[in-house]
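These notes are about the structure you will find just below.
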Amino acid sequence: MTLVVCVLGCQTQSWEQYMEAAAFAYQDQDFEAAEQWFVAAEQVALEFEPSDPRLAITLGNLADFYHAQARDAEAEPLYQEALARLERIDGPESPRVGRFAADLAVFYAVLDQSEEAEPLFQRALGILDWEVGPGHPDVLVIRTALAGLYLREGRHRDAEPLYREVLALTLDRAEPDQDQLLTILQEYAAVFRGMNRPDDALALEGRARAIRDAL
Numbered sequence: 010m011t012l013v014v015c016v017l018g019c020q021t022q023s024w025e026q027y028m029e030a031a032a033f034a035y036q037d038q039d040f041e042a043a044e045q046w047f048v049a050a051e052q053v054a055l056e057f058e059p060s061d062p063r064l065a066i067t068l069g070n071l072a073d074f075y076h077a078q079a080r081d082a083e084a085e086p087l088y089q090e091a092l093a094r095l096e097r098i099d100g101p102e103s104p105r106v107g108r109f110a111a112d113l114a115v116f117y118a119v120l121d122q123s124e125e126a127e128p129l130f131q132r133a134l135g136i137l138d139w140e141v142g143p144g145h146p147d148v149l150v151i152r153t154a155l156a157g158l159y160l161r162e163g164r165h166r167d168a169e170p171l172y173r174e175v176l177a178l179t180l181d182r183a184e185p186d187q188d189q190l191l192t193i194l195q196e197y198a199a200v201f202r203g204m205n206r207p208d209d210a211l212a213l214e215g216r217a218r219a220i221r222d223a224l
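Positions 10 to 224 (my numbering) are the ones given, in order, by the sequence shown.
Below is the structure:
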């Protein structure tokens with residue numbers, strides 16, 4: 010019995026050590042070593058119980074690594090597997106699933122795959138609006154990202170209410186993030202210009218200019 014406990018303890022410690030080593034290697038831009046450490050962590054995590062989330066976490070981190078290396082064909086199936094595992098472990102409506110769905114949506118948005126990104130953004134918002142509230146910083150970032158997706162597609166009428174809501178929620182915070190507020194104002198102004206509302210656009214651009222001057 011003591012041997013089993015020791016093995017499990019060592020296994021857990023090894024996973025954490027591998028993940029930490031991968032992070033340090035990545036920071037040092039030793040990408041070959043980082044990949045090897047991530048893969049080593051994956052091999053350890055494969056031995057955990059199916060209800061343990063660490064394999065999903067490892068796969069998600071490895072997918073992030075591949076995406077950062079522009080190895081998106083390798084990243085995509087890992088993102089999808091990680092999300093499927095978290096859905097089985099936490100349930101499809103958990104906050105962790107919502108956040109991971111948003112991460113996968115961002116991945117698809119970067120690749121200009123809007124058909125895949127949009128429903129994932131909407132799913133993330135559907136979960137996190139309920140679980141943590143529409144004013145939570147994570148929710149504000151996701152709603153801004155979805156609005157930005159609509160803006161890039163020229164879907165100004167879909168983007169406008171999202172920007173209106175996220176601007177109001179951001180300004181309602183005691184200490185709004187100034188960089189995030191600047192992004193919202195600039196993008197919202199672009200929406201107004203796309204809707205042929207130059208006066209509204211100028212008002213937002215003026216507020217954005219004042220923030221830039223103060224930074």
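Ideal Cβ positions, reconstructed from N, Cα and C, are used throughout, including at glycine.
None of the values given here were measured: they were computed from a predicted structure.
Ranked by how close their Cα comes to the Cα of aspartate 209, the residues Val150, Arg221, Tyr172 have Tyr172 in first place. The beta carbon of alanine 91 is closer than 6 Å to those of Ala65, Leu68, Gly69 in its chain, skipping five residues each way along the sequence. Here glutamine 38 carries a coil assignment [DSSP, helix/strand/coil]. A distance below 8 Å separates the beta carbons of leucine 149 and leucine 178. For glutamate 96, the enclosing alpha helix (DSSP H) has its first and last residue at 81-99. A buried status is given to glutamate 85, since no fewer than 16 other beta-carbon atoms sit within 10 Å of its beta-carbon. Counting along the chain, the unbroken alpha helix (DSSP H) around alanine 217 starts and ends at 207-223.
Runs of the beta strand (DSSP E) lying entirely within the segment 112-161 and spanning at least 3 residues: none are present.
A check of alpha carbon separations from glutamine 45 across Pro185, Pro62, Tyr197, Ala30 identifies Ala30 as the nearest. Minimum Cα-Cα distance from proline 59 among the listed residues Asp167, Gly203, Ile98, Leu190 corresponds to Ile98. Here the alpha carbon of aspartate 186 sits roughly 19 Å from the alpha carbon of leucine 155. In the displayed model, glycine 69 falls within a helix according to three-state DSSP.
For glycine 203, the uninterrupted alpha helix (DSSP H) segment begins and ends at 187-203. Closest in alpha carbon position to alanine 34, among Pro170, Phe74, Arg218, is Phe74.
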